[in-house]
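In what follows, a single structure is set out as structure tokens and then discussed.
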Amino acid sequence: MAVVIPQVGSRKKDFSALPPELLDEVFSHLHSDKATLRACSLVSSNWLLNSRRHLFYHLQLRVDSFSSFFFFAADQAYDELLSSYSSLLNFLTSHPDITRLIRQISIQIDVQRTELVNVICDILHCIPTLKVLEIEVLMLLWNELSPRFRDCVRDVLRLPSLVEFHLSCESISQRSLDSLLSDAHSLKTCTLTRVSIAPDRAVFLPERDVSYSESVLPPLNHKAHLDSLHLLGSPVSGCSWFLHPECPLDLAGVRELVLGVRLDEVYPFELVETLGHSLERLVLDVSHSASGQLRLPHIDMLTKLPHLRSLELNNLYGGNDWVVELLRSTEVATPSSAVSSLEDITISLSGTPLEAESWKQLDAILTQPMFGSLKQLSIQFAEDFRHTAQSVPPLAALEERGVHVDVTFHHT
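FYI, in my numbering the residues of the sequence shown are 1 to 412.
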């Protein structure tokens, strides 16, 4: 009797039978694993597009001044980088199918050399479906960058697909920021990190360094309707710019505000109150305050955020008693202005411990009727202060009411 033994591997699996939703979920977990994504692109033609979509999603460009090199070595490094980016430009222009998959570009720049700046601008101009643009100016002020580069960034911000813009630099003039963000039709998220918004009179530029778009500001035809505004790093100087009627950003519908502040400043808290009726998530980072003492001119601001659902208070340095004082301000709230929609509070503290009495006050405050919707309180300490976290007493009143209290650690 003959026995037929099927050959191992003779049956081919039909990868096309996998639902698209399942494929998308699997590939989303491989987003940063480039080696696996390349291997997946070789397994099945049906996986090729999914693999490419993640492989080419994010393009990172580093444009250095080569100041760390000695003379001839700096020129050689520059020539190599110019050649590399020129080859990248040729590849992108020759493969529009790949170019259309790029959704995010991150640029670190501190160089003024014309040839390289021109190549970078050409790369930016050849990507029509960009969603996220990140720019970090390493050593120069924004207004010291090449006028062509500044105009190029402004053009990119006008793309219908562009929804996120992140800028990190030391300083930018009000006029330059007006020019940069005017008619950014589709922008939804704007992030400024360690940015000082300087009055025009404080920034002097020779006529040759003023870009065309900054010299002739056109009438503002359309304001970007932001959903999220992040002002990060050391407290952003010039918050009053966002409150000006001529600001090219429409902030009436902002639902998320992330703000680095000093406790004794005025304009940042005016910004919070101005956006109060639409805010659903508020993050206040006071890590750069000179002290932990609360000197808020707008101490009752939390009572003016009727739709707030998530509140995060961060402090990596100094005292922490201001947290209790800020939350206590809600005790003066009337029922119509109470933070009754608040569901989640996260408090990231420095290693300076709260007094036992402060913990009791915090427990009592958060069990008041205006916090009736509160479901979770997360208390985070830096990894170096585990001993401080272990001293957190039980918040009995909160736990009795069913609020989940979680004490964790984070890396600074």
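Idealized CB from N, CA, C, for every residue including glycine.
Item, Value
"Beta carbon of residue 121 nearer than 7 Å to that of residue 152", "yes"
"Contact between the segment 77-93 and the segment 115-135 (3+ Cβ pairs under 8 Å)", "yes"
"Contacting residues, own chain, Cβ-Cβ under 6 Å from residue 106 (five flanking each side not counted)", "60, 134"
"Separation of residue 359 from residue 393, as counted between CA atoms", "7 Å"
"Cβ neighbour criterion (16 or more within 10 Å) applied to residue 290", "Model confidence at residue 290 stands at a pLDDT of 47, short of 50, so the residue's coordinates are unreliable; what they give is reported in the following sentence. Flag for residue 290 reads exposed."
"Status (buried if at least 16 other CB within 10 Å, exposed otherwise) for residue 90", "exposed"
"Nearest to residue 329 (by Cα), restricted to the options 404, 340, 300, 310", "300"
"Reduced DSSP secondary structure (H/G/I, E/B, other) of residue 177", "helix"
"Proximity to residue 110 [Cα-Cα], best of 302, 141, 304, 51", "141"
"Rounded C-alpha distance that separates residue 93 from residue 80", "20 Å"
"Rounded straight-line distance, which links the Cα of residue 57 to that of residue 19", "22 Å"
"Nearest candidate by alpha-carbon position, reference residue 176, set 145, 54, 252", "145"
"Three-state class that DSSP yields for residue 281 in the structure shown", "strand"
"Distance between beta carbons of residue 324 and residue 380, contact taken as under 8 Å", "Rounded, the Cβ-Cβ distance is 16 Å, inconsistent with contact."
"Beta-carbon proximity list for residue 230, same chain, < 6 Å, skipping 5 on both sides", "191, 258"
"CB of residue 132 within 7 Å of CB of residue 164, strictly", "yes"
"Residue span of the beta strand (DSSP E) that contains residue 98, given as start and end", "Unbroken run through residue 98 is the alpha helix (DSSP H), 96-99; no beta strand (DSSP E)."
"Terminal residues of the beta strand (DSSP E) in which residue 344 lies", "344-349"
"DSSP state of residue 146 mapped onto helix, strand, coil", "coil"
"Per DSSP, cross-strand counterpart(s) of residue 244", "Beta-bridge pairing links residue 244 to no other residue."
"Residue 120 (DSSP reduced to helix, strand or coil)", "helix"
"Cβ-Cβ distance between residue 282 and residue 311 below 7 Å", "yes"
"Coil, strand or helix - residue 21 by DSSP", "helix"
"Within 7 Å, strictly: CB atoms of residue 260 and residue 232", "yes"
"Cβ separation of residue 370 and residue 339, assumed to be a contact under 8 Å, to the nearest whole Å", "6 Å"
"Boundaries of the beta strand (DSSP E) in which residue 165 is found, first to last residue", "164-168"
"Beta-carbon proximity of residue 160 to residue 182, cut-off 7 Å", "no"
"Coarse secondary structure for residue 102, derived from DSSP in three states", "coil"
"Cβ neighbour criterion (16 or more within 10 Å) applied to residue 207", "Low confidence applies here, because residue 207 scores a pLDDT of 43, under 50, leaving its location unreliable and the question unanswered by this model."
"Those residues which DSSP pairs with residue 313 across a bridge", "284, 347"
"Whole-Å CB distance - residue 198 paired with residue 171, under 8 Å assumed", "5 Å"
"Classification of residue 154 by the beta-carbon crowding that lies within 10 angstroms, buried from 16 upward", "buried"
"7 Å Cβ cutoff met for residue 101 and residue 53", "yes"
"Backbone secondary structure at residue 48 - three-state DSSP", "helix"
"Limits of the beta strand (DSSP E) - the one that residue 190 falls within", "189-193"
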